[in-house]
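**Q** First the structure, which I've put down as structure tokens, then a few questions once you've had a look.
Protein chains: 2
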Amino acid sequence: MRVAYQGEPGAFSEAAVLRLLPDAEPRPYPTFDEVFDAVSNGSVSFGVVPIENSIGGSIHRNYDLLVQRDLSIVGEVQVPVVHNLLALPGVRLEDVRRVLSHPQALAQCAAFLRGLEHVEAIATYDTAGSAKMVRDEQRRDTAAIASERAGTLFGLESLRSGIQDYDDNITRFLAISRQRVPLGPPDKTSLVFTLKSAPGALFKALSVFALRDIDLSKLESRPVPGRPWEYLFYLDVAVAREDLQCARAMVHLAEFAPSLRTLGSYPRWRERDDVPASAPAKEGAGRG
Amino acid sequence: MRVAYQGEPGAFSEAAVLRLLPDAEPRPYPTFDEVFDAVSNGSVSFGVVPIENSIGGSIHRNYDLLVQRDLSIVGEVQVPVVHNLLALPGVRLEDVRRVLSHPQALAQCAAFLRGLEHVEAIATYDTAGSAKMVRDEQRRDTAAIASERAGTLFGLESLRSGIQDYDDNITRFLAISRQRVPLGPPDKTSLVFTLKSAPGALFKALSVFALRDIDLSKLESRPVPGRPWEYLFYLDVAVAREDLQCARAMVHLAEFAPSLRTLGSYPRWRERDDVPASAPAKEGAGRG
């Protein structure tokens, strides 16, 4: 089973694929758009894309692609982000003059980087791709910030581990598919809708869930291109789409939302303390 | 009166400074952080920073800086974004092999760029800075996407004008100051607050405004670093902070928001069809 992700082998997205679908064959693509394309044209069974990081916030390109393409969200997975400073074997910390990584990774290690003297931070396209660059160019004055696995894959050693500013640095990923078949019994639903510009419009939209005691886990707004200061609202609710309360809330919302679409209904991610991290993402496994 | 902005002369941020404060002396800074620093340490009277683009969405770094620094929002201004393809005099469109600009500008001209053959788009730090690079390097195979004014400043000619995908491409900027003195009679207020994780929490927060017929113009959420999946909510409401209804709503909100801060109360931007674009941003000037 082929599963598309963005980045190079060793990327956190590849780890997300294997955490959610341990038997998958991860396939790297250069951009998020190409991950969505690969799922749309059937080159892969699923795609796994980051949607939100607990420090950096939402990954807007993927919110936009969810609306632009006709795919469904079928699962989610969270991956703790542990950044390492990686360099060629034998390189010492004091030899390092340049540090390469994705801008968000550089930002997440800002305090660590400020503590290094005479070091220039250089933004690149990808964390694991930065490790690959250090290996390919055989530069002994350059380090990369990436995962431990990226270091292993590209023959680099970790000069420092866990260099991110916050321990609780977690990225949430979504699994997307052409088929609207969730990866387990659904208990979470993602919606997107528009509202007429009127006082209290968003309050009314949220009321359809609040009045039915349905919890919201995320609200995101994105601009509607060509219509300044109008927004698409993305909402995650803690209930299955097929649940009667959710169905009623959706009918209620449709009364005043000019457009409303279900992006997917799927099992929300649960950490499994009692099973290995590589175990299959089965619904309720954590309760066992 | 010195006013800080991010970017090079010719940046849209510089245009925003002059649109809001025609008598200002705009002062360029490399990063948003340094604009906030310059205001905080008194090097400048005001800073003007982009907060939202009608196509690309919110500029999160500035949302984060508003909370991290103790400054007030004292005004806002909108600037239409018109992108130009700029090159050295005599260069023809068919000579161009590379196009430099800020990633958001490249994204905003994606359809135009797809129509050019054998052209590589290269992301840089800044739109006007890209124009400067083309001038400094005297490259005849390279063009920049930036404002017409950037072209004039750096001696470049416009090969094509208005190349952005959407006509209604507008950036909204905020003026920030150490003093909590709005640039005119306020009729808009920006708040930031946190909520306890509980069903209906956001619904209740919005209710304090909806029940008083106070309109919301923007809701943005940003992560709380170190507390995964908890959020800071930024809200713009169409009422002055001193208005009795707003004061009551804030007292009501404080009953259940663990933290609540007013970022500023200021005159909302109004387009002035009947006065020149360079006229002072005086409250009610558009009503003439």
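Chains as they are written, first to last, in our numbering: chain A, 33 to 320; chain B, 33 to 320.
We put the CB at the ideal spot given by N, CA and C, even for glycine.
#1: Alpha carbon to alpha carbon, how far is Arg302 (chain B) from Ser45 (chain A)? Give it in angstroms, no decimals.
#2: Would Leu292 (chain B) pass as an interface residue toward chain A - the criterion being a Cβ-Cβ separation below 8 Å?
#3: If you check the beta carbons only, do Ser72 (chain A) and Trp261 (chain B) fall under 8 Å apart?
#4: Taking only beta-carbon atoms, is Trp301 (chain B) less than 8 Å away from chain A?
#5: Measuring only the C-alpha atoms, how far is His115 (chain B) from Pro290 (chain A)?
#6: Can you give the beta carbon distance from Arg244 (chain A) to Ala281 (chain A), rounded, assuming they're within the 8 Å contact cut?
#7: Answer yes or no: do Val128 (chain A) and Ala119 (chain A) have a C-beta to C-beta separation smaller than 8 Å?
#8: Between the Cα of Val99 (chain B) and those of B:Leu234, B:Arg254, B:Ala176, B:Gln140, spot the shortest distance and give me the residue it belongs to.
#9: Verify the CB distance criterion: does Glu252 (chain B) have a CB-CB separation below 8 Å to chain A?
#10: Could you say if the segment 129–137 of chain A and the segment 202–209 of chain A meet the contact criterion of at least three C-beta pairs nearer than 8 Å?
#11: What did DSSP end up calling Ala317 (chain A) once you bin it into helix, strand or coil?
#12: Please report the Cβ distance between Ala36 (chain B) and Val67 (chain B), rounded to the nearest whole angstrom; I am assuming they are in contact, meaning their Cβ atoms lie under 8 Å.
#13: Check for me: the beta strand (DSSP E) holding Val35 (chain A) runs from which residue to which?
#14: Check whether the Cβ of Gly258 (chain A) lies closer than 8 Å to any Cβ atom in chain B.
#15: Going by the beta-carbon positions, is the gap between Gly79 (chain B) and Ala160 (chain B) smaller than 8 Å?
#16: With DSSP as the reference, identify every bridge partner of Lys250 (chain A), one or two as the case may be.
#17: In the segment 143–177 of chain A, which residues sit with their C-beta less than 7 Å from some C-beta in chain B, listed in chain order?
#18: Taking 8 Å as the threshold (C-beta atoms), are Gln38 (chain B) and Ile87 (chain B) in contact?
#19: Would you say Phe44 (chain A) reaches chain B, if we count a Cβ-Cβ gap shorter than 8 Å as a contact?
#20: Taking Cβ-Cβ distances shorter than 8 Å, what residues in chain A pair up with Ser249 (chain B)?
#21: Nearest to Arg210 (chain A) by CA position, among A:Ala163, A:His150, A:Asp102, A:Asp173, is which residue?
#22: Kindly indicate which residue of A:Arg167, A:Ala176, A:Ala142, A:Asp168 has the alpha-carbon position closest to the one of Asp158 (chain A).
#23: Could you tell me which residues DSSP puts in a beta bridge with Pro82 (chain B)?
#24: Pull out every residue of the segment 85–106 of chain B whose Cβ sits closer than 8 Å to any Cβ of chain A, in chain order.
#25: So the candidates are A:Leu223, A:Val76, A:Asp268; which of them puts its Cα closest to the Cα of Met33 (chain A)?
#26: In chain A, which residues lie with their C-beta within 8 Å of the C-beta of Tyr266 (chain B)?
#27: If we count the other Cβ atoms within 10 Å of its Cβ and call it buried at 16 or more, is Lys228 (chain B) buried or exposed?
#28: Is Gly258 (chain A) near Tyr198 (chain B), with beta carbons less than 8 Å apart?
#29: Please name the residue, chosen from B:Glu252, B:Asp168, B:Leu223, that lies closest to Val283 (chain B) on a Cα-to-Cα basis.
#30: By the 10 Å Cβ neighbour count, where 16 or more other Cβ atoms means buried, how is Glu126 (chain B) classified, buried or exposed?
#31: Does Asp268 (chain A) pass the burial test, meaning 16 or more other C-beta atoms within 10 Å, or should it be called exposed?
#32: Is the beta carbon of Phe265 (chain B) closer than 8 Å to that of Ala237 (chain B)?
#33: Return no unless some Cβ of chain A is closer than 8 Å to the Cβ of Phe64 (chain B).
#34: So, helix, strand or coil for Leu227 (chain A), using DSSP?
#35: Pick from A:Glu108, A:Gly232, A:Asp173, A:Arg146: whose alpha carbon is nearest that of Glu84 (chain A)?
#36: Kindly indicate which residue of A:Val106, A:Leu295, A:Ala137 has the alpha-carbon position closest to the one of Pro217 (chain A).
**A** This is what the structure holds:
#1: 44 Å
#2: For Leu292 (chain B), not one C-beta of chain A is nearer than 8 Å to its own C-beta.
#3: no
#4: Taking Cβ atoms only, chain A never reaches closer than 8 Å to Trp301 (chain B), which makes this a no.
#5: 32 Å
#6: 5 Å
#7: Yes.
#8: B:Arg254
#9: yes
#10: Taking a contact to require three or more Cβ pairs closer than 8 Å, the segment 129–137 of chain A and the segment 202–209 of chain A do not qualify as touching.
#11: With a pLDDT of only 37 at Ala317 (chain A), under 50, the local geometry of the prediction cannot be trusted, and no value is derived from it.
#12: 4 Å
#13: Val35 (chain A): member of the beta strand (DSSP E) spanning 34–38, first to last residue.
#14: yes
#15: no
#16: A:Asp268
#17: none
#18: no
#19: no
#20: Trp261
#21: A:Asp102
#22: A:Ala176
#23: B:Phe205
#24: Asn85, Ser86, Ile87, Gly88, Gly89, His92
#25: A:Val76
#26: Simply none; closest approach about 11 Å.
#27: exposed
#28: yes
#29: B:Leu223
#30: exposed
#31: buried
#32: yes
#33: no
#34: coil
#35: A:Glu108
#36: When each option's Cα is compared against that of Pro217 (chain A), the closest is A:Val106.
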